[in-house]
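To keep things clear, I will list the structure first and then write my remarks on it.
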Amino acid sequence: MVLKAFFPTCCASADSGLLVGRWVPEQNSAVVLAVVHFPFIPIQVKELLAQVQKVSQVHVAVLGTWCHRQQEPKESLGHFLEGLGAIFSHDPWLQLCRERGTRFWSCKAYHQVSTTPDKSIEDQVMLIFYDQRKVLLSWLHPPTVLPDCQAGDTTASAGGLADIFDTVARSEVLFQNNQFDEGPVRLSHWQSEGVEASILVELTKQASGPVCLLLASLLSLLSAVSACRLWKLWPLSFIRRKLSTCEQLQHRLKHLSLIFSTQKAQSPTQLMKKANMLVSVLIDVALGLLLLSWLHNNNRIGQLANALVPVADRVAEELQHLLQWLMGAPAGLKMNRALDQVLGRFFLYHIHLWISYIHLMSPFIEHILWHVGLSACLGMTVALSILSDIIALLTFHIYCFYVYGARLYCLKIYGLSSLWRLFRGKKWNVLRQRVDSCSYDLDQLFIGTLLFTILVFLLPTTALYYLVFTLLRLLVVTVQGMIHLLVDLINSLPLYSLGLRLCRPYRLAAGVKFRVLEQEAGRPLRLLMQGITVLCAFLPL
Amino acid sequence: MEDERSFLDICGGPLTLRRRYYSSYCREFGLSSARLSLRSVTAVTCTVWLVAYGLFTLFENSMILSSAIFITILGLLGYLHFVKIDQETLLIIDSLGIQMTSSYASGKESTTFIEMDKVKDVIVNEAIYMSTKPRLDCLIEVYRSCQEILARQKATSASP
Chain A
99 MVLKAFFPTC CASADSGLLV GRWVPEQNSA VVLAVVHFPF IPIQVKELLA QVQKVSQVHV
159 AVLGTWCHRQ QEPKESLGHF LEGLGAIFSH DPWLQLCRER GTRFWSCKAY HQVSTTPDKS
219 IEDQVMLIFY DQRKVLLSWL HPPTVLPDCQ AGDTTASAGG LADIFDTVAR SEVLFQNNQF
279 DEGPVRLSHW QSEGVEASIL VELTKQASGP VCLLLASLLS LLSAVSACRL WKLWPLSFIR
339 RKLSTCEQLQ HRLKHLSLIF STQKAQSPTQ LMKKANMLVS VLIDVALGLL LLSWLHNNNR
399 IGQLANALVP VADRVAEELQ HLLQWLMGAP AGLKMNRALD QVLGRFFLYH IHLWISYIHL
459 MSPFIEHILW HVGLSACLGM TVALSILSDI IALLTFHIYC FYVYGARLYC LKIYGLSSLW
519 RLFRGKKWNV LRQRVDSCSY DLDQLFIGTL LFTILVFLLP TTALYYLVFT LLRLLVVTVQ
579 GMIHLLVDLI NSLPLYSLGL RLCRPYRLAA GVKFRVLEQE AGRPLRLLMQ GITVLCAFLP
639 L
Chain B
1247 MEDERSFLDI CGGPLTLRRR YYSSYCREFG LSSARLSLRS VTAVTCTVWL VAYGLFTLFE
1307 NSMILSSAIF ITILGLLGYL HFVKIDQETL LIIDSLGIQM TSSYASGKES TTFIEMDKVK
1367 DVIVNEAIYM STKPRLDCLI EVYRSCQEIL ARQKATSASP
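If you want it as structure tokens, here you go:
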């Protein structure tokens, strides 16, 4: 197999020195993590590597030498570097060299043949450049290994490139030494100019511990209160199931307890999920506060309250017109007058009751709306759920009409099917759950046929009422459904992932791609490894 | 080493296969299809605008004309960015893997990389899934080269 050498792009302009990294024998590849510069004492380099190995459990070793001829015009360095092969023995021993005057590199790998220790076989080498920072920040490595692995244990199941990324990720402790440390050994890697960190991030990390504890205890108290047995009693549990506000509040409580839980996220997917939830909660509260400020401006609540009663009146008036139309000859159909009048008057009386109820409530509406508007500070989703519940309450009479019409229609169909069976001389056997033949008496047959005829002729009337009220109910349900859709959208839109895709696309890398760099015949092949950004890989909803 | 050959696709249009041998274990094949012709773009634009002008004389609403312009521009951009594939490339590197890139007319590139451990064999499948639809002779060329590299890889991995 061709020997693959993974070389960090940040070390391409570094001074000459030793290559430090890990050798992966299964894939015949050498992962270079850093370059140790002259002058160094071999004992101290070996000590540093042993320390790193102990902490990170990555088998770091000296892999070879790196020579940047552009800066060292002396040719004697070449012999010096070859002599180092005897001090740090490693099989295979890499010699990477960047020539002066050309942009091309030369790489040689020497294998020690066991039979003749003086001779060595040269191997074909392929150079693959990788950006250490992007590999580390893109989480291409598999999740952390279980802590009960022994030292020096390689990652068992991960094969191929995942192994390489895992090596780079676990050697973080090697990247903690930078040029400002007064250590004995001078290293070059992606953080040698100084460890990347931000004060805000560090402060948030320090503060998040106690804040999370406090909030987690508060939220667990709230969850305990909401789960107590008092809520399971009949009227409260019924109301709780029907109102979408309670459901949304519970949903948000669950989200918040997940965000502020004291457990750290185990994998990048979980971290993304938490971050998405946090961003969604923050945006929700921000939108809610905007809505609150808009409502309390210019006395909008008063205007809304004043507009509510006339709107309800208008709706009732339209319903009355509709019923008058149904009681006449709707769409040219001829209805049964008596049943028509009965149903029509019944529903008209119902509407009249409803209007009186609304008028009774009208002085209190402004106060109720004002207090309900305050709840918008809990989030826009809560405000929208309350709106949906208000619509449900205001159109309660439409729901009632639908229930009456549906029940009547259902009874009628039930009766019709049973009498139809009687007509044909059959019966529904409840024990056997099937239709059986049955011999009826003459008087049963007579009454059954009469009733059947009556029901058949009353069918159009009932069917029409049922149709009209079902359509009305569907309209209300559609409006409520749209509001719920909006609420779900705010709840589950992964804004954090979308933001990452726009601002830091390498964090969402889900794969790598290779580009062949300029090549000269006789020189080793050079490839550049980059991440492929995919939006869909990190969308846990 | 680089060479180019011309082939035909299944509709009779011209295709160019470009082979590059970077080394004995790394090869790249690029298939480029014909570019977007000015004639077809002009024809589509003229049809759309004629229809829009006809509707405008019927309804006397200038929004129709502006929306026709928007639709043409957005349609062209969408076609270039999402539909029209300029070139498809296959890069095969011994002991690393196989990488397939499709580059669209707007410059967008979509890449898939498959590691060599996961590749059992390269075959010519019956249904054509590539967007530049080459004929069998072109596919056989690529197939032979890939098999050479895979055979070499199997030989070196079999010997310790």
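So the protein lines, in turn, are chains A and B. For the first sequence, the tail end lands on 639 under my numbering, and the numbers increase by one without skipping. For the second sequence, the tail end lands on 1406 under my numbering, and the numbers increase by one without skipping. Where is the CB? At the ideal position from N, CA and C, for every residue including glycine.
{"Query": "A/F445 classed as buried or exposed, judged by whether at least 16 other C-beta atoms fall within 10 angstroms", "Result": "buried"}
{"Query": "Chain B within 8 Å of A/K102, Cβ atoms only", "Result": "yes"}
{"Query": "Own chain, CB closer than 6 Å to B/I1339, minus 5 neighbours either side, in chain order", "Result": "C1272"}
{"Query": "Distance between A/S236 and A/Y500 (C-alpha atoms, nearest Å)", "Result": "56 Å"}
{"Query": "Per-residue burial, A/H450 [other beta carbons within 10 Å of its own, 16 or more giving buried]", "Result": "exposed"}
{"Query": "Limits of the unbroken alpha helix (DSSP H) element including A/K432", "Result": "Here A/K432 belongs to no alpha helix (DSSP H), and DSSP marks it neither H nor E."}
{"Query": "Reference A/C61; option with closest CA among A/G162, A/Q628, A/V158", "Result": "Since the first residue shown for chain A is 99 and the last is 639, residue 61 of chain A is missing from the structure and cannot be characterised."}
{"Query": "B/S1391 at chain A interface by Cβ criterion, 8 Å", "Result": "no"}
{"Query": "Boundaries (first-last residue) of the beta strand (DSSP E) holding A/N527", "Result": "524-527"}
{"Query": "Status (buried if at least 16 other CB within 10 Å, exposed otherwise) for B/F1275", "Result": "buried"}
{"Query": "Beta strand (DSSP E) segment containing A/L225, residue limits", "Result": "223-228"}
{"Query": "Any non-hydrogen atom of the ligand SAH within 7 Å of A/S460 CB", "Result": "By its list of ligands, the structure shown contains no ligand whatsoever, and the ligand SAH lies outside what it can speak to."}
{"Query": "Helix, strand or coil at A/T631 according to DSSP, with G and I counted as helix", "Result": "strand"}
{"Query": "Cβ neighbour criterion (16 or more within 10 Å) applied to A/N275", "Result": "buried"}
{"Query": "Proximity winner among A/Q418, A/K303, A/S365, A/Q151, relative to A/L131 (alpha-carbon distances)", "Result": "A/Q151"}
{"Query": "Burial state of A/F227, where buried means 16 or more other Cβ atoms lie within 10 Å", "Result": "buried"}
{"Query": "Any chain B beta carbon closer than 8 Å to A/I496", "Result": "no"}
{"Query": "Unbroken beta strand (DSSP E) run spanning B/R1251, endpoints", "Result": "1248-1254"}
{"Query": "Sheet register partners of A/G119 (DSSP bridge)", "Result": "A/V130, A/A159"}
{"Query": "Cutoff 8 Å: A/Q617 Cβ touching any chain B Cβ", "Result": "yes"}
{"Query": "In chain order, each alpha helix (DSSP H) run of at least 4 residues that lies wholly inside the region 433-475 of chain A", "Result": "435-472"}
{"Query": "Residue-level contact to chain A via CB, B/L1342, 8 Å cutoff", "Result": "yes"}
{"Query": "Inter-residue Cα distance where the pair is B/R1265 and B/E1248", "Result": "6 Å"}
{"Query": "Where B/T1335 meets chain A, residues with beta-carbon distance less than 8 Å", "Result": "Simply none; closest approach about 11 Å."}
{"Query": "Rounded straight-line distance, which links the Cα of A/C326 to that of A/L320", "Result": "10 Å"}
{"Query": "Within chain B, the residues that A/V610 reaches when beta carbons sit closer than 8 Å", "Result": "F1359"}
{"Query": "Interface flag, B/Y1267 vs chain A, CB-CB below 8 Å", "Result": "no"}
{"Query": "C-beta atoms of A/K524 and A/S516 nearer than 8 Å", "Result": "no"}
{"Query": "Coarse secondary structure for B/Q1352, derived from DSSP in three states", "Result": "The sequence given here has Ser at residue 1352 of chain B, not Gln. Coil, per DSSP."}
{"Query": "Validate contact between the region 447-467 of chain A and the region 394-409 of chain A using beta carbons, cut 8 Å, 3 pairs", "Result": "yes"}
{"Query": "Stretch pair the region 500-515 of chain A + the region 546-564 of chain A: three plus CB contacts closer than 8 Å", "Result": "yes"}
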